[in-house]
Each structure stands twice: as C-alpha cells, then as structure tokens.
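S.K.: In the working numbering, the protein residues as written are -6 to 108.
The following block contains the structure:
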C-alpha cells in the first residue's frame, strides 16, 4: 500500500509559476514509477510528467520546456515545477505511483490559471 498526499496547487495569472509536491508513504521502496496526471473539467485525465525506470523522465508535449519533474529523496517526495503557466493548464493535478500492476492516486490539487 502506498499513500500519496499532494500540495502546492493554487491560482495564478498566466505566465506565473507553481510547484506541486507529492509525498509518498507506505511501501515506497517498491514503487517503480511515479508522476503526475491532470484532469480539466469535461476532459479525460491525461499524463503530464513521470519518472519511468527510476531516473528517466517523460513529459507531455504540451508541458515540455515549462514543467520540470524532480525528486527530494530524503522526503520521499516528487516535485513538479510549473513555469510559464497558461490558462489551458487549469486542471486538477493528481499524483500517481505504481507498484507492479497496481496504481495508486492522491486526492488531487487544483491549479487555476487566469488570463
């Protein structure tokens, strides 16, 4: 079992920045993948960024060059630095972690970007 707690969402104007944090607890030594998804109103949940195979990172084309994924190992935390935010980035952001075939999700944190 893995528990994920997100924080750092909020409201910003276009061009602003936010950093999302996801703290993992539980069976964290078994986590094989970890990252972020987002879901805008009326749209499907979509992947944003993720660690794969430990240190490799993948990003959605829409956020490349603007979002940066990193880890704070001592705190079992994954960070998503979001710069140059756009109104289309407005969504609920969810942290996810995978252990084998199981996926775990946080409760989500809202990001709202105004133009």
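Positions of the beta carbon are idealized from the N, C-alpha and C atoms, including for glycine.
#1: With DSSP as the reference, label residue 80 as helix, strand or coil.
#2: Using the Cα positions of residue 105 and residue 80, report the straight-line distance between them to the nearest angstrom.
#3: Please work out which residues of its chain come closer than 6 Å, Cβ to Cβ, to residue 19, disregarding the five sequence neighbours upstream and downstream, and give them in chain order.
#4: Grouping DSSP H, G and I as helix and E and B as strand, with all else coil, what is residue 23?
#5: Measure how close the beta-carbons of residue 41 and residue 31 come, nearest whole angstrom, since I'm counting them as under 8 Å.
#6: For the beta strand (DSSP E) containing residue 36, list its first residue and its last residue.
#7: Along the chain, where does the beta strand (DSSP E) containing residue 52 start, and where does it finish?
#8: Does the structure place the stretch 66 to 78 close enough to the stretch 7 to 17 that three or more beta carbon pairs sit under 8 Å?
#9: Considering only DSSP beta bridges, list what residue 30 is partnered with.
#10: Within 7 Å: the Cβ of residue 103 and any heavy atom of the ligand GDP?
M.R.: The short version:
#1: The residue labelled residue 80 in the question sits at position 87 within the chain shown. Residue state, collapsed to three classes: helix.
#2: Along the chain shown, read from residue 1 onward, the residue named residue 105 stands at position 112. Along the chain shown, read from residue 1 onward, the residue named residue 80 stands at position 87. Using only the alpha carbons, I get a separation of about 7 Å.
#3: Here the question's residue 19 lines up with position 26 in the chain shown. Within its own chain, the residues whose Cβ lies closer than 6 Å to the Cβ of residue 19, once the five positions on either side in sequence are excluded, are -6, -5 and -4, listed in chain order.
#4: Taking the first residue of the chain shown as position 1, residue 23 is located at position 30. Residue 23 falls in the helix class under three-state DSSP.
#5: Taking the first residue of the chain shown as 1, we reach residue 41 at position 48. Taking the first residue of the chain shown as 1, we reach residue 31 at position 38. At roughly 5 Å, the Cβ-Cβ gap stays under 8 Å, so residue 41 and residue 31 are in contact.
#6: Sequence index remark: in the chain shown, residue 36 carries index 43 (1-based). Counting along the chain, residue 36 falls outside any beta strand (DSSP E), and DSSP gives it neither H nor E.
#7: As a first step, residue 52 is located in the chain shown; it is residue number 59 there, counting from the start. Start and end: 49 to 52.
#8: yes
#9: Within the chain shown, residue 30 is the residue found at index 37, counting from 1. Partner(s): 40 and 87.
#10: This structure lacks the ligand GDP, and indeed carries no ligand of any kind.
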